[in-house]
Amino acid sequence: MNIQKVAEGTYAIDPVIFGIQEFTSVYLLIGDTLALIDSGSPKAAPLILNGIRALGYRPEDVSWIILSHIHFDHASGAGELLKFMPQARVYLHYEGYNHILDPSRLTASAKRVFGDMIDKWYGGFAPVPKEKAISGNDGEIIDLGSSRKLKVLATSGHAKHGICLYDATIGGLFTGDEAGVYFPSGPAIIPTSPPPDFDPDHNLKTIKKLQDLKPKMLLFAHYSVTKAVDKTLKIYMDTLISWKEAVKEGIQKGFNFDEIVKVLKSHATKTLDCIRDREDLFSWIMSYHIPMCAEGYIYYLKNKIKSV
Numbered sequence: 009m010n011i012q013k014v015a016e017g018t019y020a021i022d023p024v025i026f027g028i029q030e031f032t033s034v035y036l037l038i039g040d041t042l043a044l045i046d047s048g049s050p051k052a053a054p055l056i057l058n059g060i061r062a063l064g065y066r067p068e069d070v071s072w073i074i075l076s077h078i079h080f081d082h083a084s085g086a087g088e089l090l091k092f093m094p095q096a097r098v099y100l101h102y103e104g105y106n107h108i109l110d111p112s113r114l115t116a117s118a119k120r121v122f123g124d125m126i127d128k129w130y131g132g133f134a135p136v137p138k139e140k141a142i143s144g145n146d147g148e149i150i151d152l153g154s155s156r157k158l159k160v161l162a163t164s165g166h167a168k169h170g171i172c173l174y175d176a177t178i179g180g181l182f183t184g185d186e187a188g189v190y191f192p193s194g195p196a197i198i199p200t201s202p203p204p205d206f207d208p209d210h211n212l213k214t215i216k217k218l219q220d221l222k223p224k225m226l227l228f229a230h231y232s233v234t235k236a237v238d239k240t241l242k243i244y245m246d247t248l249i250s251w252k253e254a255v256k257e258g259i260q261k262g263f264n265f266d267e268i269v270k271v272l273k274s275h276a277t278k279t280l281d282c283i284r285d286r287e288d289l290f291s292w293i294m295s296y297h298i299p300m301c302a303e304g305y306i307y308y309l310k311n312k313i314k315s316v
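According to the numbering used here, the sequence shown is numbered sequentially starting from 9.
So this is what it looks like as structure tokens:
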């Protein structure tokens, strides 16, 4: 079991999403109450519960499950965890509220992209009872006690139902997927751009908004943390733009989908030498993540701004 103390009263638990270690983080925050940032999947619930217990806490004492957004790898396990966290409430952006109560449309959409792998990876999407769900919005404060408060920042680059959380107690910014996928072994960072919500222009605006907070640390949902805040966000923004231009050029040249995927794989391969020795992770990124990113950029360029 991979558990790391990343800041005072802040622990990263690896839920081993996709069966891949050191690729996803959920965070346990300790105040007067306990909060979990993201829930992983139903399949990951035993690992998360055992991680909490290994740290000397009881799942029954968790008061908050805060979802950075409602994609499967971050939110599908909330309903399952609630079975072991009877006093917990699930906080999420209002755009995701109805989906967390009834994930059927979300499931159908995900299966259109990934097919039966959805069940294999996640074990379904456990719905959250209405009385347990809280519809949140930008600027709200989640008070954990002991002077520890989380400021909610609505984001709209990765997904319209996204939030980031700023924790002034540790100077930490929990980025969800809004600031990309981070690989600490590099370090390296790449976009994550699923259709249909992905909007790189909004994403850039969000990153600038996050920079204004002057955080001391970024805590990624994928994966781990960094204190090289300005450098990391600058590289992310540059990559966000360069991938957009690469896809746009491919469309203008008449490339088909597979050819555009090949272009993005070329960009990603140069960035991800640091994980070439991790066959499971590198293969997953190339086989699933990059094609999904290509779909997101293509959808944005063709349907949202109609620039090609």
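Cβ coordinates follow ideal geometry from the N, Cα and C atoms, glycine included.
**Assigned exposure category for F265 - 16 Cβ within 10 Å defines buried** = Stepping through the sequence shown from its first residue, residue 265 is reached at position 257. By the neighbour-count criterion, in which 16 or more other beta carbons inside 10 Å mark a residue as buried, F265 falls on the exposed side.
**Cα-Cα separation, K216 to K242** = Locating residue 216 in the sequence shown gives position 208, where the first residue counts as 1. Locating residue 242 in the sequence shown gives position 234, where the first residue counts as 1. Near 10 Å, if we compare the C-alpha coordinates of K242 and K216.
**Message:** Please give the ranges of any beta strand (DSSP E) in the segment 195-272, keeping only runs that are unbroken, at least 3 residues long and fully inside the region.
**Reply:** Complete beta strand (DSSP E) runs here, min 3: 196-198, 225-228, 232-234.
**Asked** Nearest to K239 by CA position, among S76, G170, L226, is which residue?
**Response** Along the sequence shown, read from residue 1 onward, the residue named residue 239 stands at position 231. Ranking S76, G170, L226 by Cα distance to K239 puts L226 first.
**Asked** Between H169 and L218, what straight-line distance do the alpha-carbon atoms span, to the nearest angstrom?
**Response** Sequence index remark: in the sequence shown, residue 169 carries index 161 (1-based). Sequence index remark: in the sequence shown, residue 218 carries index 210 (1-based). So the alpha carbons of these two residues sit roughly 17 Å apart.
**Nearest-angstrom Cβ-Cβ length linking P195 and T247, presumed shorter than 8 Å** = Along the sequence shown, one-based indexing puts residue 195 at 187. Along the sequence shown, one-based indexing puts residue 247 at 239. Separation of the CB atoms of P195 and T247 is rounded to 13 Å, and the pair is thereby denied contact status at 8 Å.
**Item:** Limits of the alpha helix (DSSP H) - the one that C301 falls within
**Value:** As a working note, residue 301 is residue 293 in the sequence shown. Counting along the chain, the alpha helix (DSSP H) containing C301 begins and ends at 298-307.
**Request:** Entirely within the segment 91-128 and at least 4 residues each: give me those alpha helix (DSSP H) ranges in chain order.
**Result:** Along the segment 91-128, the alpha helix (DSSP H) occurs as fully enclosed runs of 4 or more residues at 102-109, 112-122, listed in sequence order.
**Same chain only: Cβ atoms within 8 Å of F290, ignoring 5 sequence neighbours per side** = Within the sequence shown, the letter at position 282 stands for residue 290. Contacts found: L280, I283, R284.
**Message:** On the CB-based measure, 16 or more other CB atoms within 10 Å of its CB, does M51 come out buried or exposed?
**Reply:** Here residue 51 refers to the residue found at position 43 of the sequence shown. The sequence as given places Lys at residue 51; Met does not occur at that position. By the 10 Å Cβ count, K51 comes out buried.
**Request:** Return the residue from the list K128, L221, D46 that minimises the CA-CA distance to D185.
**Result:** Locating residue 185 in the sequence shown gives position 177, counting from the first residue. For the residues K128, L221, D46, the minimum Cα distance to D185 belongs to D46.
**Prompt:** Which of helix, strand or coil does DSSP assign to Y277?
**Reply:** Indexing the sequence shown from 1 puts residue 277 at position 269. Before going on, a small fix: residue 277 reads as Thr here, not Tyr. T277 falls in the helix class under three-state DSSP.
**Request:** Give the DSSP bridge partners of G153, in chain order.
**Result:** What you label residue 153 is simply residue 145 of the sequence shown in a count that begins at 1. Among the bridge pairs identified by DSSP, G153 is matched with R156.
**Span separating the alpha-carbon of K159 from that of L173** = Mapped onto the sequence shown, residue 159 falls at position 151. Mapped onto the sequence shown, residue 173 falls at position 165. Going from the Cα of K159 to the Cα of L173 covers about 5 Å.
**Prompt:** Is there contact between the segment 149-157 and the segment 103-118, where contact requires at least three CB pairs shorter than 8 Å?
**Reply:** The segment 149-157 makes no contact with the segment 103-118: fewer than 3 CB pairs, one atom from each, lie closer than 8 Å.
**Request:** Measure the CB-CB distance between L42 and Y19 and report whether it falls below 8 Å.
**Result:** Translated into positions along the sequence shown, residue 42 becomes position 34. Translated into positions along the sequence shown, residue 19 becomes position 11. Taking 8 Å as the Cβ cut-off, L42 and Y19 do not qualify as a contacting pair.
**P135 versus L89: straight-line alpha-carbon distance, rounded** = Counted from its first residue, the sequence shown places residue 135 at position 127. Counted from its first residue, the sequence shown places residue 89 at position 81. Spanning the two alpha carbons is a distance of roughly 11 Å.
**Item:** Through-space distance from L161 to K261, alpha-carbon basis
**Value:** Along the sequence shown, one-based indexing puts residue 261 at 253. Along the sequence shown, one-based indexing puts residue 161 at 153. In a straight line, the C-alpha of K261 is about 38 Å away from that of L161.
**Request:** For the alpha helix (DSSP H) containing D175, list its first residue and its last residue.
**Result:** Counting from 1 along the sequence shown, the entry for residue 175 is found at position 167. No alpha helix (DSSP H) contains D175, which is instead part of the beta strand (DSSP E) from 170-175.
**Asked** What is the DSSP secondary structure of I38, counted as helix, strand or coil?
**Response** Residue numbering aside, residue 38 sits at position 30 when the sequence shown is read from its first letter. Per DSSP, reduced to three states, the secondary structure at I38 is strand.
**Request:** Closer than 7 Å by C-beta to F26: which residues in its own chain qualify, once you throw out the five before and the five after it? Chain order, please.
**Result:** Taking the first residue of the sequence shown as position 1, residue 26 is located at position 18. Residues W129, W292 of the same chain have their beta carbon placed closer than 7 Å to that of F26, with the five preceding and five following residues left out of the count.
**Request:** Spell out the partners DSSP gives S143 in its beta bridges.
**Result:** On the sequence shown, residue 143 is found 135 positions in, with the first residue counted as 1. Residue pairing from DSSP places S143 in a beta bridge opposite L100.
**Asked** For F31, which option in D22, V255, A86 has the closest C-alpha, if you only look at C-alpha atoms?
**Response** Here residue 31 corresponds to residue number 23 of the sequence shown, with the count starting at 1. A check of alpha carbon separations from F31 across D22, V255, A86 identifies D22 as the nearest.
**Item:** I73 versus K270, I178, N311, A53, residue with shortest Cα-Cα distance
**Value:** Sequence index remark: in the sequence shown, residue 73 carries index 65 (1-based). For I73, the nearest C-alpha among the options comes from A53.
**Prompt:** Taking all protein chains shown into account, do 16 or more other C-beta atoms lie within 10 angstroms of the C-beta of M9, making it buried, or fewer, making it exposed?
**Reply:** The residue given as residue 9 occupies position 1 in the sequence shown. The residue is exposed, with fewer than 16 neighbouring Cβ atoms inside 10 Å.
**Prompt:** In terms of residues, what are the limits of the beta strand (DSSP E) holding F80?
**Reply:** For the purposes of this step, residue 80 is taken as residue 72 along the sequence shown, with counting starting at 1. Where F80 is concerned, there is no enclosing beta strand (DSSP E), although the alpha helix (DSSP H) around it starts and stops at 80-83.
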